[in-house]
Amino acid sequence: MLLLSFAVLALVVRNYSALGYDLGGWAPPLGLRLRADGISAAMMVMTGLILCLVGLSARPEFQSSETGGETRKTLVFWALFLGVASALNLVFLAQDLFNLFVALELLTFAAVPLVSLDGRAKTLSAALRYLLFALAGSVLYLLGVVLIYANYAALDLGTLHGLIRNEAATSIAVALMIAGLMAKTAVFPLHIWLPPAHSGAPAPASAILSALVIKAPFFIILRLWFDMLPMNSTTAAGLLAGAGSASILFCSVLALRQSRLKLMIAYSTVAQVGYLFLVFPLLGADGLAPWGSIAWSGSILQLMSHAFAKAAMFVAAGLIVEALGHDRIDDLAGAGKAAPLSVLAFAIAGLSLMGLPPSGGFVAKVMLLSGAVSVGEWWIAVTILVGGVLAAAYVFRVVGKTTASPGADVPNLMILPRSREIIPLILALCAVAIGFIPLQPLDFLDIGRSVAGVGP
Amino acid sequence: MSPALLFGLCAAALIGIGLFGLIVQPDPLRKLLSFNLIGAGVFLLFGVAGKRGAAVGFSSDPVPQALVITGIVVAFSASALAVALLVRLSEAPDRADEDDEI
């Protein structure tokens, strides 16, 4: 699958245009169309890389035993793992509103049971809460889809782009769809399902959920906003960015106050997702095409670097938990000795979350910042800076504790094999590698953008 | 009052009741039922969209019918998953020392 996604990337780059595929040979408006443009290809490669690495890290925990054969837990984990993979790829490729709905539901059904694999009451209720939020989100999205269909009798994004008019019914439909998707992305104030769900899941599952699954609804919001709607309302953009800033500030502070490592990382996910929503008011205001501006590239890079960094953090946290037997932040002393590479990976991933060079988070945040300054949105610039300081505070709190020398009453530490600790390090280094991308709007992400309105 | 308008209003009422229940009811089972009410409203709306879109001369527009079948299947499996979780939750031992373990 990774090879396939690289092949799509190579084709898209070589032809410098989007790849299209009509399912069953039926072209829209009757048939469904899959289409890979610049961002889709980039997302697919990111997904493929992260899933491969996280899958490797999950092998020891979910291996089928030599004697007893496959247990229920391992079977279910790998089946759901592949379900998440296929649903994510469908989200990145689908061009049809209803097809996107089906992809989202597939993703939900694969992601929710991952939360409650261990079957404890706490994780079961976290999974139930996640499911109810996700269902409410998707039913709102579906309501929006009906309203759009009733108005325009079309579901294909390219076709709709030419048809859509600026009127009340459209605004209501789109507002419903975006509200539903925001509940699934876990933006403040709709985030309360995320921390219990993501912190209760087994570490490899949390890594997938935090790094990839919540990015899919955001990707659909981007698709709706830029591919379907010709008009951009500044009030709505301001509201989205407001929700994003509230997530950054509020959940960073909450992350700082957590006493459990995995809960802290989960709150930091909500905060980092907030950055993605800052992009909406920064685009189009300076007269350029939205995807030509620096904030657009910054937001996509933020998405990708957060995905790698957060996957690294959760896998590293899982190993630290395994080494120490608990994840109370106050008692982490000695983790640096038991799992040095995991702590290193955690720290490197933390650099990216804070936005310090050299890391993907640095480049992404500088791009967003310069975008904010160039259109004169000062409050967004301030939020980005404050968010970085808060992230630094909560990452350093953990790193400081882990590297402290353990006292006399150290519990029995388990030394982990280095081969397992390499994996989060590779993920963290991927996040750093994104930092070597030059500081300018990336042409690559524009591939296929300009023809989006024209249709197939 | 045309049938389409009547059904449209019914759908709106169902969605309203469901949304109210989803927000107000604390019990997960009631929330799930509310979700199903919203779902029923949305599916009715699909029917209305199909009837209204029949201006081209067909007796009704077939596309929403195809969509609504998929929608119902999805909503059904969602409810099944939620009920399964609820059953497991009620069977799971409710331990007080939950916070001390990982």
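As they're listed, the protein sequences go chains A and B. Positions in the first sequence are counted from 1; adding 164 to them yields the numbering used here. Positions in the second sequence are counted from 1; adding 92 to them yields the numbering used here. Note that the Cβ used here is the ideal one computed from N, Cα and C, for glycine as well.
Residue of the options minimising C-alpha distance to residue i
i        : options                                : result
B:Leu114 : B:Ser126, B:Val160, B:Leu137, B:Ser182 : B:Ser126
A:Ala291 : A:Pro366, A:Arg492, A:Arg584           : A:Pro366
A:Ala487 : A:Pro581, A:Gln436, A:Trp543           : A:Pro581
A:Gly202 : A:Arg223, A:Leu257, A:Ser538           : A:Leu257
A:Leu431 : A:Gly195, A:His362, A:Leu254           : Note on residue identity: the sequence assigns Tyr, not Leu, to residue 431 of chain A. Considering only alpha carbons, the answer is A:His362.
A:Val553 : A:Leu373, A:Gln436, A:Trp542, A:Ala597 : A:Gln436
A:Leu440 : A:Gly500, A:Arg223, A:Ala410           : A:Ala410
A:Ala206 : A:Arg197, A:Ala274, A:Gln466           : A:Gln466
A:Tyr294 : A:Gly326, A:Ala347, A:Ala267, A:Ala480 : A:Ala347
A:Lys237 : A:Thr398, A:Leu483, A:Gly326, A:Ala222 : A:Ala222
B:Asp153 : A:Ala314, A:Leu268, A:Ser416, A:Thr235 : A:Ala314
A:Gly322 : A:Asp260, A:Ile378, A:Ala545           : A:Asp260
A:Gly551 : A:Ile385, A:Ile342, A:Leu515, A:Val562 : A:Leu515
A:Ala200 : A:Leu483, A:Val563, A:Asn253           : A:Asn253
B:Leu230 : A:Phe262, A:Gly406, A:Leu427, A:Gly283 : In the structure displayed, chain B extends from 93 to 194; residue 230 of chain B sits before or after that span and is not available.
A:Leu296 : B:Leu101, B:Leu98, B:Gln117, B:Cys102  : B:Gln117
B:Gly67  : B:Leu124, B:Leu101, B:Gly100, B:Val179 : For chain B, the structure presents residues 93 to 194; residue 67 of chain B sits outside this window and is missing.
A:Val417 : A:Ala332, A:Ile312, A:Ala555           : A:Ala555
A:Leu483 : A:Met531, A:Trp389, A:Ala371           : A:Ala371
B:Val160 : B:Gly131, B:Arg180, B:Leu98            : B:Gly131
For residue j and residue i, the rounded distance between their alpha carbons
i        : j        : result
A:Asp494 : A:Ser423 : 7 Å
A:Ala557 : B:Gly142 : 55 Å
A:Ile587 : A:Ala339 : 41 Å
B:Gln157 : B:Pro120 : 30 Å
A:Met518 : A:Leu217 : 23 Å
A:Phe383 : A:Ser569 : 43 Å
A:Phe352 : A:Ala400 : 16 Å
A:Ala300 : A:Leu271 : 15 Å
A:Leu505 : A:Lys474 : 16 Å
A:Ile356 : A:Val279 : 15 Å
A:Ile601 : A:Leu589 : 20 Å
A:Gly498 : A:Pro360 : 26 Å
A:Ala375 : A:Thr334 : 32 Å
B:Leu137 : B:Ala104 : 8 Å
B:Arg122 : A:Leu324 : 37 Å
A:Gly451 : A:Leu549 : Since pLDDT at A:Gly451 reaches only 49, below the 50 mark, its modelled position is unreliable, and no value is offered.
A:Val310 : B:Val134 : 8 Å
A:Leu345 : B:Ser94  : 34 Å
A:Ala471 : A:Leu306 : 27 Å
B:Leu129 : B:Val165 : 15 Å
A:Ala243 : A:Pro521 : 38 Å
A:Leu420 : A:Val559 : 9 Å
A:Ile464 : A:Ser204 : 11 Å
A:Gly402 : A:Leu264 : 25 Å
A:Val596 : A:Ala298 : 32 Å
A:Cys594 : A:Phe273 : 29 Å
A:Ile214 : A:Val527 : 20 Å
A:Val537 : A:Ile328 : 32 Å
A:Tyr316 : A:Ala350 : 30 Å
A:Trp389 : A:Gly247 : 27 Å
A:Ala407 : A:Gly438 : 7 Å
Supposed contact pair residue j and residue i - C-beta distance, whole angstroms, cut 8 Å
i        : j        : result
A:Ser469 : A:Gly524 : 3 Å
A:Met477 : A:Ile429 : 5 Å
A:Phe245 : A:Gly212 : Incorrect: roughly 13 Å between the Cβ atoms, too far for contact.
A:Val276 : B:Leu173 : 7 Å
A:Leu425 : A:Thr547 : That belief does not hold up - the Cβ atoms of A:Leu425 and A:Thr547 are roughly 26 Å apart, past 8 Å.
A:Glu541 : A:Pro445 : 6 Å
A:Gly535 : A:Ile458 : 5 Å
A:Gly489 : A:Thr566 : No, A:Gly489 and A:Thr566 are not in contact; Cβ-Cβ is about 14 Å, not under 8 Å.
A:Val240 : A:Leu281 : 7 Å
A:Leu358 : A:Val434 : 6 Å
A:Ala380 : A:Leu508 : No, A:Ala380 and A:Leu508 are not in contact; Cβ-Cβ is about 30 Å, not under 8 Å.
A:Ala481 : A:Asp491 : 7 Å
A:Leu198 : A:Phe262 : The Cβ separation is near 14 Å, so there is no contact.
A:Gly308 : A:Ala337 : 4 Å
Residues sharing a beta bridge with residue i, DSSP
i        : result
A:Asp621 : Here chain A has residues from 165 to 620 only, and residue 621 of chain A is not among them.
A:Arg492 : A:Arg424
Which ranges would you report for the alpha helix (DSSP H) in the region 270-322 of chain A if only whole runs of at least 4 residues count? 285-316
Return the chain-ordered ranges of every alpha helix (DSSP H) run that is complete within the region 345-410 of chain A and spans a minimum of 4 residues. 358-364, 367-372, 379-386
Alpha helix (DSSP H) runs contained entirely in the region 524-582 of chain A, provided each spans 4 or more residues: 524-538, 542-567
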